[in-house]
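The numbering of the sequence shown is numbering that gives the first Met the number 0, which starts it at 0 and goes up by one. Built from N, CA and C at the ideal position, the CB exists for glycine as well. Notes follow the structure.
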Amino acid sequence: MRLLVTGGCGFIGSAVVRRVLRTTDWSVVNLDKLTYAAEPRALEETAADPRYRLVVGDVADAELLARLFAEYRPDAVLHLAAESHVDRSIDGPEAFLSTNVVGTFRLLEAALAHWRTLPEPERSRFRFHHVSTDEVFGALADEDPPFRETSAYDPRSPYAASKAAADHLVRAWWHTYGLPVLISNASNNYGPWQFPEKLIPLALTKALAGEPIPVYGRGEQVRDWLFVDDHAAALLAILGRGRVGRTYLVGARAERTNLELVRTLCAILDELVPNSPHRPHAQLIRFVADRPGHDRRYAIDPGRIEAELGWRPSRSLEEGLRATVAWYLAHHDWLVEMRARYDGRRLGLVRPAAAGAEPGGTER
Ligand code: NAD
Ligand code: DAU
């Protein structure tokens, strides 16, 4: 099996590549533009593996895609490349349209042209798996049932809208041209190697430095947390055994408010770093200006993937968070280095404090 992965140097993509090379005999070509969010060091263990190759390039580059498909002749595509951070999409949506929408379109075009050249049985076995997000379904009220595969699309942020557009394109290529596609929509991932612009590594970076931990609004929004390796396992199950043309929602039934989650992280830090001068770390939590259009709640009903594919998360949120905090403690230098890459002020990511935010609350 020859697998073309896009965005394989990102947080989730690197977990997928590591898993494929550890658990299968497949070969992998990873097409990645190496944006600020990429971390090739997450794939250090693959360096000596002749089955792995990195191609640095843009998923929206039609010429490069044509060459890559012709030369490599993949049996499947696992499409993860994306601009993935909601706050960045609010401050600069264009890159989200270029990569998430145009990039997905170009990849579909290249995959279709390649698929049409395949003889049987390769043609029937080919898969185009598009990796998407629960954010395409919009926001739930506290009393609503979780998202299901049949939930209506209702994206709110430029990021979510760009991913929704990509999902629609992928489905259109299935219905119109017969390209054998799969789509999965997952909840918030956490784990090692996540760029510290996202809540968990950002909160840990701040807490370890004794700086204020920014919680948007009053921390009442709810997210449903999924360990990244469990997501990688789900993606491989869907790619291998998912029904063509189907959507699978992936989540671990682990809803928490942001405030609960950050307090849990602080408590784990208190325990794992007993001599920290910043204990109790929860004293560092600050309510700051809310994200515009901040979705209240995401939650996933993973009933289909559980029943059809037998997938289950391998650990509870508490176990996963503990392992994650331990990993970031062991990789503190990496966290500091990555955080230095993230110059929020230069990117204009600091918004004025909302009414009701606590004094000094614009710290990000
Ligand atoms: P990430 O931001 O950590 O990594 C994205 C990767 O894509 C990076 O390596 C980057 O260099 C690459 N990339 C970006 N633009 C590219 C382009 N034009 N051409 C080629 N490569 C490009 O993202 P992530 O958190 O690992 O998310 C991966 C995928 O999973 C995305 O499609 C995202 O929408 C989806 N997803 C993420 C989450 C989550 O919680 N992080 C949850 C559900 C779905
Ligand atoms: O739901 C899946 C999505 O999860 C993915 O599609 C996205 O790619 C991924 O980034 C993530 O989106 P979120 O916006 O939920 O993740 P983020 O880590 O940015 O924020 C999580 C929650 O924490 C959200 O409600 C906003 C809040 N937050 C975030 C940051 C960065 C804070 O309170 N403070 C912060 O500093």
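Nearest-angstrom Cα separation, counted from residue j out to residue i
i, j, result
"residue 139", "residue 76", "31 Å"
"residue 231", "residue 268", "26 Å"
"residue 102", "residue 79", "11 Å"
"residue 188", "residue 250", "9 Å"
"residue 255", "residue 238", "29 Å"
"residue 19", "residue 27", "8 Å"
"residue 166", "residue 148", "12 Å"
"residue 36", "residue 294", "23 Å"
"residue 365", "residue 143", "Here the chain comprises residues numbered 0 to 363, so residue 365 is not present and cannot be evaluated."
"residue 54", "residue 31", "6 Å"
"residue 161", "residue 71", "28 Å"
"residue 362", "residue 302", "Its pLDDT being 28, under 50, residue 362 is placed unreliably by the model, and nothing is read from it."
"residue 127", "residue 285", "43 Å"
"residue 22", "residue 3", "17 Å"
"residue 12", "residue 82", "13 Å"
"residue 324", "residue 291", "29 Å"
"residue 328", "residue 336", "13 Å"
"residue 0", "residue 24", "8 Å"
6 Å Cβ shell around residue i - same chain, five flanking residues per side excluded
i, result
"residue 88", "95, 156, 157 and 158"
"residue 299", "133, 145, 146, 186, 223, 248 and 250"
"residue 173", "180 and 244"
"residue 240", "308"
"residue 118", "none"
Beta carbon of residue i nearer than 9 Å to that of residue j
i, j, result
"residue 109", "residue 61", "yes"
"residue 195", "residue 308", "no"
"residue 272", "residue 10", "no"
"residue 113", "residue 169", "no"
"residue 184", "residue 220", "no"
"residue 281", "residue 296", "no"
Proximity test, residue i beta-carbon vs the ligand DAU heavy atom, cut-off 8 Å
i, result
"residue 175", "no"
"residue 213", "yes"
"residue 134", "yes"
"residue 182", "no"
"residue 89", "no"
"residue 117", "no"
"residue 190", "no"
"residue 86", "yes"
"residue 99", "no"
"residue 186", "yes"
"residue 288", "no"
"residue 304", "no"
"residue 196", "yes"
Cutoff 8 Å; reference residue i; Cβ partners in own chain excluding five residues on either side
i, result
"residue 283", "205, 206, 209, 210, 211, 212, 265 and 277"
"residue 16", "4, 7, 27, 29, 42, 45 and 51"
Any non-hydrogen atom of the ligand NAD closer than 8 Å to residue i Cβ
i, result
"residue 330", "no"
"residue 274", "no"
"residue 220", "no"
"residue 364", "Residue 364 is absent from the model: the chain starts at 0 and stops at 363."
Any chain B beta carbon closer than 9 Å to residue i
i, result
"residue 245", "No chain B appears in the structure shown, which is made up of a single protein chain."
Close Cβ partners of residue i (< 7 Å) along its chain, the five nearest in sequence each way excluded
i, result
"residue 163", "135, 152 and 154"
"residue 305", "311"
Exercise. What residue ranges within the region 194 to 250 form continuous alpha helix (DSSP H) runs of no fewer than 4 residues, ordered along the chain?
Worked result: 198 to 208 and 227 to 240
Problem set entry | Continuous beta strand (DSSP E) assignments of at least 3 residues falling wholly in the region 288 to 333 | none
For this session: Please go through the region 146 to 172 and give each complete alpha helix (DSSP H) segment of 4 or more residues, from N-terminal end onward.
Result: Here no run is fully enclosed.
For this session: Go through the region 39 to 121 residue by residue and report every complete run of the alpha helix (DSSP H) that reaches 4 residues or more, in order.
Result: 61 to 71, 85 to 90 and 103 to 116
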